[in-house]
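Right, one structure below, let's go through it.
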Amino acid sequence: MQRRTLLTGTALGVAGAALGITRPAAATGRSVIAVRGVTVIDASGGARPDQTVLIQGERILDAGPVRRVPVPHGATVVDGAGRFLIPGLADMHTHAVGIDDTDPELYALNGVTTTRQMSGGPLARAWKQQIAAGERLGPQWSIGSRIVDGSPSLWDELDGDGSVHVAVANPAEARAAVRLEHASGAAFIKTYTRLTRDSFLAVADECRRLGLPFLGHVPDFVQLTEASDRGMRSVEHLFEVWYDTSYEEKKLRAAVAAVPIGPGEYNGWFNRMHPIEYAAARTYDRRKAEKVFRRVARNGTYFTPTLVLHETNDMPERINRHDPRYRYFSADVIGYWDWALDNQYLPGRTPAQIVQSKEIFRRRLALTADLAAAGVPLLAGTDLGTTYLMPGFSLHDELALLVRAGLSPLQALGTATLNPARYLGLRDAGVIARGAVADLVLLDANPLHDIRNTKKINSVLVRGDLLTPARRRELLTAIEAQAKQPRPAAAAPVGRGCPC
Numbered sequence: 001m002q003r004r005t006l007l008t009g010t011a012l013g014v015a016g017a018a019l020g021i022t023r024p025a026a027a028t029g030r031s032v033i034a035v036r037g038v039t040v041i042d043a044s045g046g047a048r049p050d051q052t053v054l055i056q057g058e059r060i061l062d063a064g065p066v067r068r069v070p071v072p073h074g075a076t077v078v079d080g081a082g083r084f085l086i087p088g089l090a091d092m093h094t095h096a097v098g099i100d101d102t103d104p105e106l107y108a109l110n111g112v113t114t115t116r117q118m119s120g121g122p123l124a125r126a127w128k129q130q131i132a133a134g135e136r137l138g139p140q141w142s143i144g145s146r147i148v149d150g151s152p153s154l155w156d157e158l159d160g161d162g163s164v165h166v167a168v169a170n171p172a173e174a175r176a177a178v179r180l181e182h183a184s185g186a187a188f189i190k191t192y193t194r195l196t197r198d199s200f201l202a203v204a205d206e207c208r209r210l211g212l213p214f215l216g217h218v219p220d221f222v223q224l225t226e227a228s229d230r231g232m233r234s235v236e237h238l239f240e241v242w243y244d245t246s247y248e249e250k251k252l253r254a255a256v257a258a259v260p261i262g263p264g265e266y267n268g269w270f271n272r273m274h275p276i277e278y279a280a281a282r283t284y285d286r287r288k289a290e291k292v293f294r295r296v297a298r299n300g301t302y303f304t305p306t307l308v309l310h311e312t313n314d315m316p317e318r319i320n321r322h323d324p325r326y327r328y329f330s331a332d333v334i335g336y337w338d339w340a341l342d343n344q345y346l347p348g349r350t351p352a353q354i355v356q357s358k359e360i361f362r363r364r365l366a367l368t369a370d371l372a373a374a375g376v377p378l379l380a381g382t383d384l385g386t387t388y389l390m391p392g393f394s395l396h397d398e399l400a401l402l403v404r405a406g407l408s409p410l411q412a413l414g415t416a417t418l419n420p421a422r423y424l425g426l427r428d429a430g431v432i433a434r435g436a437v438a439d440l441v442l443l444d445a446n447p448l449h450d451i452r453n454t455k456k457i458n459s460v461l462v463r464g465d466l467l468t469p470a471r472r473r474e475l476l477t478a479i480e481a482q483a484k485q486p487r488p489a490a491a492a493p494v495g496r497g498c499p500c
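Residue numbers (UniProt numbering): 1 to 500.
Pasting the structure below:
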C-alpha cells in the first residue's frame, strides 16, 4: 500500500511568503524581457534555432528568428545562445499535501507552472488564492472535487473529517455528490475505485447534465471502454487497463467483483487485487488492446500513467534513501518516508514477489508505449503525496520514465506541455508563440538529445515573472535552510492511503 504524507503548513512549516518567496517585483511591471538567440522547442513545432522571444507582462509579445524580431530599447535581455527554451511544464496529477508548505515554490523553481489538484481541499484553494494575489510564487491550479467513491469506501476511516472523499451508496447519492461538489466550485469530479457501476453511470450522467468533466480511477466494476464511451475525461494510473485488454477478461472481472472490502480497508483491497492484476498483465492481448486503445483515443479520453508512482509502488527495494534533492525537505518528512518504506512497503515481500513486481513494471512501460502508439493522448503526472515523490522534481523523473517507455523526448515534453493545454482547453498555453502565456523554462542543455536535460534549468518565467539563476539559487537555499529548522514536537506526519 502507498501511504500519503499529509502535513499542514501551520504545524510543520512556514509559508513560502515568510521565506521571502513572493512573486518577483517584475510581476507588476510592463518592461519587455527578451530571450535572444535561443533554440525554441515545443511540441507543436519541434526545435527552432536562433530565435528571439519577447515577453511583456504575462504574455509572449512576439517570437521568431533573430533577424525578424528586434529587441526593443530598454528591454531586459536574457542571453539564449547555446540554450533551449521550452514551455512551462504541467504536473497533471498532484495532491496538495503541504509537505513543508513550500510545494508551490518548489513546483515553480523546477519549471512546473501548471498543476491539476486531484482531491479538492482547503490547502490547494488557499495556495491558489495566495498565488493569484501575488503573495507567493507558484503554478496555476486546476482543482477538482473530493474523491467520489463507493460505500464502503477505501477512504472510510482514513479521512475522518470528510475533507478528502465522499462515499455514495447508490445513484441518487452519486448525483447529489456531483451537485454538491459542482456548487463548491470543483473544476471536475474525481471518481474512485469502489464506485458501483450504477453509481458511476449516475456520476457520468449528472456531469454531462452540468457540463462538468469527470475523471479519475475506472472503478473495479466498470470496463475501461464503457467509462471512456460515457465521457471520462482522463484515466489516472495504469491499474485499470489490463482487464479490458486480457484474453481472460471475463474470468478476471469475476475475480475482481468477488474481492471483499470493508470501510477504509485499503491494505486488504490492494493485497487482494495484486495477484489478479498480475494475472491480467500476463494475459495481455496486444491485438485486443489496440482495438480498445483506438476506441479510447477516438473518444478523446486522456491517460495519466503516473509511472513514478508505479515505480515506487512496484519496486520499493530500488528507492534511493539518499537522493540529494531530499535536502529541501524536513527531517520529519524524510523520517516518515523512511518509516513507511521499512514498515509498509518492504515487509513480507518474498523474492518471488519482487521478481513479479519488476516484471509488472516493465509491462507498464510497454503498456504506456502501446497507448501512445494507438493515439491515446498522455498527460505527465506524479501523484505527489506518495512517499518519496517531490513537488516539481518528480515531474522530471516522470518525463525520463516516459522516454524509457518508448516515447521520443519531444513526445514526452508534449505530455507536460501541449497535451495538458489541450486537455484544459487552453489555446494560449503549452506553446511558444505570439500571444501565448509566458510560462517558460530556459535550459542549459538540449532535452531532445537527453530528456534528463529538463533538470538543467537556467531560468524560469512564471506568467512573465523572471526567476534568474541567482534568484533560483537564493530561493532554493532559503527552502533548504527552512528544511533544517527544528519542528514542533506535535508535528507528526499522518499516513494516508493512495494511489489516488
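Note that the Cβ used here is the ideal one computed from N, Cα and C, for glycine as well. These numbers come from a predicted model, not from an experiment.
>> Between the region 70–80 and the region 31–39, can you find at least three pairs of beta-carbon atoms closer than 8 Å?
In response: The count of Cβ pairs closer than 8 Å, one atom from the region 31–39 and one from the region 70–80, reaches three, so the stretches are in contact.
>> Can you give me the C-alpha to C-alpha distance between Ala438 and Asn271, rounded to a whole angstrom?
In response: Working through the sequence shown from its first residue, we reach residue 438 at position 438. Working through the sequence shown from its first residue, we reach residue 271 at position 271. One alpha carbon belongs to Ala438, the other to Asn271, and they sit about 45 Å apart.
> Under a Cβ-count criterion, where at least 16 other Cβ atoms within 10 Å of its own Cβ denotes burial, should Pro65 be classed as buried or exposed?
Replying inline: Within the sequence shown, residue 65 is the residue found at index 65, counting from 1. Answer is exposed; the Cβ neighbour count stays below 16.
>> Buried or exposed for residue 512, going by 16 or more other Cβ atoms inside 10 Å?
In response: Residue 512 cannot be examined here, being either before or after the span of the chain that is shown, 1 to 500.
> Which class does Tyr192 belong to by DSSP, given the choice of helix, strand or coil?
Replying inline: Translated into positions along the sequence shown, residue 192 becomes position 192. Of the three classes helix, strand and coil, the one that applies to Tyr192 here is coil, per DSSP.
> Per DSSP, what kind of secondary structure is Ser145 in: helix, strand or coil?
Replying inline: As a working mapping, residue 145 is identified with position 145 in the sequence shown. Three-state DSSP puts Ser145 in coil, outside helix and strand.
> Alpha carbon to alpha carbon, how far is Trp339 from Pro347?
Replying inline: One-based indexing of the sequence shown puts residue 339 at position 339. One-based indexing of the sequence shown puts residue 347 at position 347. Those two C-alpha atoms are separated by around 11 Å.
>> On the CB-based measure, 16 or more other CB atoms within 10 Å of its CB, does Gly414 come out buried or exposed?
In response: On the sequence shown, position 414 is the one that residue 414 refers to. Note on Gly414: 16 or more other CB atoms within 10 angstroms of its CB, so buried under the neighbour-count rule.
> Would you call Ala25 buried or exposed, if buried means 16 or more other Cβ atoms sit within 10 Å of its Cβ?
Replying inline: Counting from one through the sequence shown, the residue named residue 25 turns up at place 25. A caution first: Ala25 carries a pLDDT of 47, below 50, which makes its placement in the model too unreliable to give a value.
>> Considering Cα atoms alone, identify which of Thr102, Tyr243 and Met232 is closest to Arg327.
In response: Here residue 327 is taken as the residue at index 327 of the sequence shown, counted from 1. For Arg327, the nearest C-alpha among the options comes from Thr102.
>> Can you give me the C-alpha to C-alpha distance between Ser357 and Met315, rounded to a whole angstrom?
In response: For the purposes of this step, residue 357 is identified with residue 357 of the sequence shown, where counting begins at 1. For the purposes of this step, residue 315 is identified with residue 315 of the sequence shown, where counting begins at 1. Approximately 6 Å between the Cα atoms of the pair.
>> So, at 8 Å on beta carbons, what are the nonlocal neighbours of Asp285 in its own chain, with the 5 sequence-adjacent residues on each side left out?
In response: As a position in the sequence shown, residue 285 is number 285, starting the count at 1. Cβ contact annotation for Asp285 (same chain, cutoff 8 Å, sequence separation greater than five): Thr245, Ser246 and Tyr247, in chain order.
>> If I measure Cβ to Cβ from Ala27 and keep anything under 8 Å in the same chain, skipping five residues before and after, which residues do I get?
In response: For the purposes of this step, residue 27 is taken as residue 27 along the sequence shown, with counting starting at 1. With a pLDDT of only 44 at Ala27, under 50, the local geometry of the prediction cannot be trusted, and no value is derived from it.
>> By the DSSP assignment, the alpha helix (DSSP H) with residue 516 in it spans what residues?
In response: Only positions 1 to 500 of the chain appear in the structure, and residue 516 is not among them; the question remains open.
> Just how far apart, CA to CA, sit Gly162 and Thr225?
Replying inline: Locating residue 162 in the sequence shown gives position 162, where the first residue counts as 1. Locating residue 225 in the sequence shown gives position 225, where the first residue counts as 1. The C-alpha of Thr225 is placed about 31 Å away from the C-alpha of Gly162.
>> Cutting at 6 Å between CB atoms, please list the residues of its own chain near Ile86, excluding the five before and the five after it.
In response: Here residue 86 refers to the residue found at position 86 when the sequence shown is read from its first residue. The beta carbon of Ile86 is closer than 6 Å to those of Ile41 and Val441 in its chain, skipping five residues each way along the sequence.
> Quick one: what's got a C-beta closer than 7 Å to Leu410's C-beta in the same chain, skipping five residues either side?
Replying inline: Here residue 410 refers to the residue found at position 410 of the sequence shown. Cβ within range, chain order: Ala43, Gly46 and Leu448.
>> Per DSSP, what are the beta-bridge partners of Ser234 in this structure?
In response: Position 234 of the sequence shown, counting from 1, holds the residue named residue 234. Beta-bridge pairing links Ser234 to Tyr302.
>> So if DSSP puts Ile41 in a beta bridge, which residue, or which two residues, is it bridged to?
In response: Start at 1 with the first residue of the sequence shown, and residue 41 comes out as number 41. Ala47.
> Residue ranges of each alpha helix (DSSP H) run of no fewer than 4 residues wholly in the region 284–332, ordered along the chain?
Replying inline: Listed in chain order, the alpha helix (DSSP H) runs fully inside the region 284–332 are 286–299 and 307–314, counting runs of at least 4 residues.
> Who are the Cβ neighbours of Lys456 in its own chain at under 7 Å, not counting the five residues just before and after it?
Replying inline: Looking up residue 456 in the sequence shown gives position 456. Same-chain partners within the cutoff: Leu443, Asp444 and Ala445.
> If you scan the region 232–278 from start to end, which runs of the alpha helix (DSSP H) of 4 or more residues do you find wholly inside it?
Replying inline: Here the runs fully enclosed are 249–257.
> By DSSP, does Gly414 sit in helix, in strand, or in coil?
Replying inline: Sequence index remark: in the sequence shown, residue 414 carries index 414 (1-based). Reduced to three states, the DSSP call for Gly414 is helix.
> So, are the CB atoms of Ser228 and Gly150 less than 8 Å apart?
Replying inline: Your numbering for residue 228 matches position 228 in the sequence shown. Your numbering for residue 150 matches position 150 in the sequence shown. Result no, Cβ atoms of Ser228 and Gly150 do not sit closer than 8 Å.
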